[in-house]
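Written below as structure tokens is the structure these notes are about.
Residue numbers (our numbering): 24 to 275.
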């Protein structure tokens with residue numbers, strides 16, 4: 024009832040048939056290279072799984088608790104690959120949001136030929152996206168392939184709503200020449216359309232909360248919330264900025 028020593032292990036290894044060695048031992052142990060492979064399974068669907076934190080902890084424990092040098096071990100597998108992919112997505116997400124902001128501003132300048140109006144139009148689009156990412160961070164929910172796309176979807180739909188509202192405001196103001204009256208007119212026309220469209224989209228994404236796959240539930244829940252925030256931003260913040268900055272000139 025004692026663990027096998029080096030001598031016993033060597034004798035046992037020499038007596039094992041080659042076919043058994045090839046099938047059972049060789050995938051995990053290389054005598055020639057003095058290497059061993061240790062396989063671990065992770066339940067990837069755990070709600071509290073933090074892949075990057077787990078990998079960092081394993082690396083730390085191998086070096087500081089077991090005493091291995093960094094050159095003496097290497098972590099590999101699907102979990103590592105997926106985590107590296109997510110980390111690259113986080114970096115590209117920040118860069119992409121910056122480029123998208125510049126792109127949307129340039130598009131607004133070309134479309135409306137008004138610098139002030141273009142700056143106003145950019146703000147609501149990103150407020151909702153940053154707000155929803157902040158909520159996800161505060162709740163401690165990790166970003167994955169599903170949740171990382173929410174900001175892009177939010178900006179895309181918010182831009183559409185902003186263009187509709189600004190264009191209608193511009194057309195109505197050219198006739199009414201009064202910001203407050205134009206605001207009332209826009210809210211009673213294009214504002215109602217934006218409200219109805221956004222509510223429909225929110226209910227559509229909310230269907231995903233009935234999924235049994237956790238990332239899909241998060242995606243549906245937070246995308247629906249992001250659509251709601253985008254609608255509120257376009258119908259409240261955008262008109263307020265227009266009234267304050269008055270990008271269409273003086274009213275009569």
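Built from N, CA and C at the ideal position, the CB exists for glycine as well.
From the options, residue whose alpha carbon lies closest to that of residue i
{"i": "residue 195", "options": "41, 188, 187, 205", "result": "205"}
{"i": "residue 247", "options": "148, 224, 216", "result": "224"}
{"i": "residue 95", "options": "102, 105, 82, 107", "result": "82"}
{"i": "residue 171", "options": "45, 116, 69, 52", "result": "116"}
{"i": "residue 274", "options": "197, 149, 122, 69", "result": "197"}
{"i": "residue 17", "options": "43, 241, 210", "result": "Since the first and last residues shown for the chain are 24 and 275, residue 17 lies out of range."}
{"i": "residue 254", "options": "208, 177, 39", "result": "177"}
{"i": "residue 165", "options": "66, 34, 256, 76", "result": "76"}
With 16 other Cβ atoms within 10 Å as the buried cut-off, status of residue i
{"i": "residue 29", "result": "exposed"}
{"i": "residue 216", "result": "exposed"}
{"i": "residue 272", "result": "exposed"}
{"i": "residue 180", "result": "buried"}
{"i": "residue 45", "result": "exposed"}
{"i": "residue 113", "result": "exposed"}
{"i": "residue 208", "result": "buried"}
CA-to-CA distance, residue j to residue i, given in whole angstroms
{"i": "residue 90", "j": "residue 226", "result": "54 Å"}
{"i": "residue 64", "j": "residue 73", "result": "15 Å"}
{"i": "residue 141", "j": "residue 161", "result": "31 Å"}
{"i": "residue 25", "j": "residue 79", "result": "35 Å"}
{"i": "residue 127", "j": "residue 106", "result": "31 Å"}
{"i": "residue 55", "j": "residue 85", "result": "23 Å"}
{"i": "residue 193", "j": "residue 137", "result": "11 Å"}
{"i": "residue 97", "j": "residue 62", "result": "12 Å"}
{"i": "residue 57", "j": "residue 103", "result": "24 Å"}
{"i": "residue 240", "j": "residue 232", "result": "4 Å"}
Residue i in three-state terms, based on DSSP
{"i": "residue 52", "result": "strand"}
{"i": "residue 58", "result": "strand"}
{"i": "residue 67", "result": "coil"}
{"i": "residue 234", "result": "coil"}
{"i": "residue 154", "result": "helix"}
{"i": "residue 89", "result": "coil"}
{"i": "residue 39", "result": "coil"}
{"i": "residue 272", "result": "coil"}
{"i": "residue 106", "result": "helix"}
{"i": "residue 45", "result": "helix"}
The ligand HEM heavy atom lying under 7 Å from the CB of residue i
{"i": "residue 35", "result": "For the structure depicted, the ligand HEM is absent and the ligand set is empty, with no information on it obtainable."}
Neighbour flag for residue i against chain C, beta carbons, 8 Å
{"i": "residue 129", "result": "Among the chains of the structure shown, chain C does not appear; only one protein chain is present."}
Contact the stretch 129-146 vs the stretch 154-174: 3+ CB pairs below 8 Å: no
Contact between the stretch 234-242 and the stretch 261-270 (3+ Cβ pairs under 8 Å): no
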